[in-house]
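Mapped onto this note's numbering, the consecutive letters of the sequence shown carry residue numbers 10 to 335. Idealized CB from N, CA, C, for every residue including glycine. Computed from a prediction, not measured in an experiment: that's the story for all the values here. Structure first, commentary second.
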Amino acid sequence: MALLEVQDLRVSFDTPDGTVRAVRGLSFSVDRGQTLAVVGESGSGKSVATQTITGLTRGAQISGTAYFEGTDLISADAATLRRLRGAEIGMIFQDPLSSLHPHYRIGWQIVEMIQAHDHEISKRAARRRAADLLTLVGIPRAAERIDDYPHQFSGGMRQRVMIAMAMALDPALLIADEPTTALDVTVQAQVLNVMRRLQEEFGTAIILITHDLGVVAEMSDEVIVMYAGAMMERAPRRDIFYRNHHPYTQGLLASLPAQSGKRLTPIAGSPPSLINLPKGCPFAARCPHVFDRCRVETPPATDVQGDPRHQSACWLDHNVTEAVAS
Ligand SMILES: Nc1ncnc2c1ncn2[C@@H]1O[C@H](COP(=O)(O)OP(=O)(O)OP(=O)(O)O)[C@@H](O)[C@H]1O
Ligand code: SF4
Ligand SMILES: [Mg+2]
């Protein structure tokens with residue numbers, strides 16, 4: 010059984026303008042030790058989906074299931090979720106300052122976190138573990154820097170501290186929401202390396218949310234492409250890059266700046282309103298292959314070339330894939 014199995018997750022928010030359907034029928038699973046990348050333009054529901062799983066969306070209407078080691082996170086009570094968050098599911102976000110308290114020394118924060126979940130451990134042992142973790146994520150002179158405050162670290166170093174904190178209790182799953190977006194390219198590569206090393210050492214599964222297909226290429230085993238709250242395509246990494254099916258996936262790849270010799274071509278237009286979604290395929294207004302049926306019926310996610318690991322929600326022939334690189 011997969012470590013995390015999400016089925017038909019739906020999340021909406023009532024607002025004065027109407028109901029925002031942020032996540033619409035999302036299903037996916039993550040295996041132990043594997044990295045699942047979630048990609049898609051801004052507003053596609055990546056953060057709402059993962060925050061909902063960890064009980065962090067307030068005031069939302071939620072349905073579906075998310076089984077994590079036998080517990081349905083969607084129907085779990087607040088105390089269960091609090092226990093799982095941190096101990097079993099670690100989280101890191103784009104901005105470490107939003108998760109690190111500015112007024113407390115980072116060592117103290119990590120020790121608090123360890124002791125909140127492990128009532129047996131002594132302060133001394135927890136502090137030693139915190140220093141070890143900081144060394145592990147590559148903080149130089151960790152034994153001294155453990156008493157520094159968050160603002161005394163650079164952006165990249167702060168992100169390493171966040172990773173140390175998220176990994177402090179050896180969680181089975183790490184959710185990383187744009188962990189390197191705010192960092193420059195060199196620092197980004199270093200931080201990704203740290204994540205990968207820890208993953209190998211602890212066998213952690215990772216859900217990695219990113220805008221950056223370069224990061225996807227480097228880090229992921231499997232990829233979900235989201236658009237307007239729904240999954241457009243899901244496949245093992247290689248298939249996303251070389252045997253993709255969905256026109257939206259192809260659009261994202263064509264807008265990837267790193268493609269050698271090719272000019273960056275952003276997808277024209279913008280995503281639909283999540284309050285008044287059009288009938289049919291949500292991508293229809295921007296799709297170069299759109300045809301009549303697309304505007305009437307919503308395509309369900311179905312297997313591509315008979316492979317259940319590769320699914321696409323598009324009416325185009327599922328026996329044909331398109332290598333964008335060609
Ligand atoms: N509390 C809320 N109330 C109303 N709408 C919300 C709320 N939280 C999120 N949304 C809406 O849900 C949609 C999905 O947001 P989400 O943050 O998941 O996008 P995202 O894919 O993570 O985007 P980004 O790449 O910019 O982080 C957006 O349209 C957003 O405005
Ligand atoms: S269903 Fe139609 S509009 Fe939607 S992605 Fe496929 S071809 Fe394009
Ligand atoms: Mg987000």
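Local conformation of residue 103 per DSSP, three classes
coil
Residue 210 burial status per 10 Å Cβ neighbour count (16 or more: buried):
exposed
Selection from 170, 165, 180, 216 that minimises the alpha carbon distance to residue 195:
165
Answer yes or no: the CB of residue 242 versus the heavy atoms of ligand 3, is any distance below 7 Å?
no
Tell me the residue span of the alpha helix (DSSP H) that contains residue 224.
222 to 228
Taking 7 Å as the cut-off, does the CB of residue 29 come closer than this to any heavy atom belonging to ligand 1?
yes
At a threshold of 7 Å, does residue 257 count as lining ligand 4 (C-beta to nearest heavy atom)?
Within the structure as shown, ligand 4 is missing, the only ligands being ligand 1, ligand 2 and ligand 3.
Spatial distance of residue 268 from residue 163 (CA atoms):
The predicted model places residue 268 with a pLDDT of 49, which falls under 50 and marks its position as unreliable; any figure quoted below should be read in that light. Approximately 30 Å between the Cα atoms of the pair.
beta-carbon residue 108 near ligand 1 non-hydrogen atom, thresh 7 Å:
no
Rounded separation between residue 291 and residue 132 - CA only
53 Å
Nearest residue (CA-CA) to residue 41, options 117, 331, 214
214
Give, in chain order, every unbroken run of the alpha helix (DSSP H) that is at least 4 residues long and sits entirely within the segment 253 to 311.
256 to 263
Skipping 5 residues on each side, what residues in its chain have a beta carbon closer than 8 Å to that of residue 24?
284
Just reading off the alpha helix (DSSP H) that residue 37 is part of, what are its end residues?
Element bounds for residue 37: not the alpha helix (DSSP H) but the beta strand (DSSP E), 27 to 39.
Does ligand 1 have even one heavy atom less than 7 Å from the beta-carbon of residue 279?
no
On the three-state DSSP scale, how would you describe residue 141?
helix
Using only CA atoms, which one of 235, 207, 236, 263 lies nearest to residue 223?
263
Per-residue DSSP class, three states only, for residue 150
coil
Pull every residue with its beta-carbon under 7 Å away from any heavy atom of ligand 3, and keep them in chain order.
55, 56, 186, 187, 218
Cα-Cα separation, residue 117 to residue 156
8 Å
Distance check for residue 286 and residue 28, CA to CA, integer angstroms please.
11 Å
Considering only heavy atoms of ligand 2, does any lie closer than 7 Å to the CB of residue 117?
no
Using the C-alpha atoms, what's the distance from residue 305 back to residue 193?
44 Å
Closest by C-alpha distance to residue 74, when choosing among 15, 61, 115, 43:
15
Counting along the chain, where does the beta strand (DSSP E) carrying residue 218 start and finish?
214 to 218
Would you call residue 103 buried or exposed, if buried means 16 or more other Cβ atoms sit within 10 Å of its Cβ?
buried
I'd like the list of long-range same chain contacts for residue 60, defined as Cβ closer than 7 Å, with 5 residues on each side in sequence excluded.
66
Just to confirm, does residue 319 get its C-beta within under 7 Å of one of the non-hydrogen atoms of ligand 2?
no
Could you tell me the boundaries of the alpha helix (DSSP H) in which residue 246 lies?
246 to 251
Rounded to whole angstroms, what's the CA-CA distance from residue 326 to residue 241? Just pull it up for me.
15 Å
Looking only at its own chain, which residues have a Cβ that is under 6 Å from the Cβ of residue 293, when we skip the five neighbours before and after it?
299, 303, 304
Quick one: what's got a C-beta closer than 6 Å to residue 333's C-beta in the same chain, skipping five residues either side?
For residue 333, the predicted structure reports a pLDDT of 46, less than 50, and the residue's modelled location is therefore unreliable. The matter cannot be settled from this model.
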